[in-house]
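Numbering (our numbering), first residue to last: 74 to 206.
(1) Residue ranges of each beta strand (DSSP E) run of no fewer than 3 residues wholly in the segment 125–185, ordered along the chain?
(2) Under a Cβ-count criterion, where at least 16 other Cβ atoms within 10 Å of its own Cβ denotes burial, should residue 134 be classed as buried or exposed?
(3) Between the segment 78–97 and the segment 170–181, do three or more beta carbon pairs fall short of 8 angstroms?
(4) Whose C-beta lies closer than 8 angstroms to the C-beta of residue 86 among residues of the same chain, with five residues either side of it excluded?
(5) Decide if the segment 181–195 is in contact with the segment 153–168; the criterion is three or more beta carbon pairs, one per stretch, under 8 angstroms apart.
(6) Between which residues of its own chain and residue 113 is the CB-CB distance below 6 angstroms, once the five residues before and five after are set aside?
(7) When burial is assigned at 16 or more other CB atoms within 10 Å of the CB, is residue 98 buried or exposed?
(8) Kindly indicate which three-state DSSP category residue 89 falls into: helix, strand or coil?
(9) Report the residue from 166, 89, 95, 160 whose alpha carbon sits nearest the alpha carbon of residue 143.
(10) Tell me which same chain residues have a C-beta within less than 6 angstroms of the C-beta of residue 129, skipping the five on either side of it?
(11) Please check the pair residue 126 and residue 105, which I expect to be a contact at CB under 8 angstroms, by giving their CB distance rounded to whole angstroms.
(12) For residue 97, does the three-state DSSP call read helix, strand or coil?
(13) In chain order, what residues of the same chain have a beta carbon less than 7 angstroms from the beta carbon of residue 196, not counting five sequence neighbours either side?
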């Protein structure tokens, strides 16, 4: 992944985050309890982020932490990305891995934001993800 592509992904991630509502703790709690009652897990794998209880400020901090990860840190905590195989430079793979993690984080948080706003379509998506075949 080129530096320009990576910068575009990260800029889009921060822009998307800023466009989402900043829900209060009560809305976060209610949605988290509803998800828990459905046994729906929106966690993010090895990122060890409990997505259902994240606030907008937490996501911003997580994005910053993702950006600061080194090649070695990324390689020792493979999540959604393919392991480094030498087919691209370490820098390109690092950008690819960081961009993938940022996109996953924002995708999940966007869904959570919609759940916290009690959008029926968002709850339908959760049902499709976890319960419908």
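No residue lacks a Cβ here, since even glycine has one placed at the ideal position from N, Cα and C.
According to the structure data:
(1) none
(2) Taking the chain shown and counting its residues from 1, one reaches residue 134 at position 61. When all chains shown are included, residue 134 counts as exposed.
(3) yes
(4) Your numbering for residue 86 matches position 13 in the chain shown. Apart from sequence neighbours up to five positions away, the residues of its chain that approach residue 86 with a beta-carbon distance below 8 angstroms are 136, 175, 176, 178, 179, ordered along the chain.
(5) no
(6) Against the chain shown, residue 113 aligns to sequence position 40. Once the five neighbours on either side are set aside, the close Cβ partners of residue 113 are 199, 203.
(7) The sequence position of residue 98 within the chain shown is 25, counting from 1. Counting the other CB atoms within 10 Å of its CB gives residue 98 a total below 16, which places it among the exposed residues.
(8) What you label residue 89 is simply residue 16 of the chain shown in a count that begins at 1. If DSSP states are grouped into helix, strand and coil, residue 89 belongs with the helices.
(9) The residue labelled residue 143 in the question sits at position 70 within the chain shown. Nearest option by C-alpha distance: 166.
(10) Position 56 of the chain shown, counted from the first residue, corresponds to residue 129. Answer for residue 129: 95, listed in chain order.
(11) Within the chain shown, numbered from 1, the residue matching residue 126 stands at position 53. Within the chain shown, numbered from 1, the residue matching residue 105 stands at position 32. That pair is a contact at about 5 angstroms.
(12) Along the chain shown, one-based indexing puts residue 97 at 24. Reduced to three states, the DSSP call for residue 97 is coil.
(13) In the chain shown, residue 196 corresponds to position 123, counting from 1. Around residue 196: 188.
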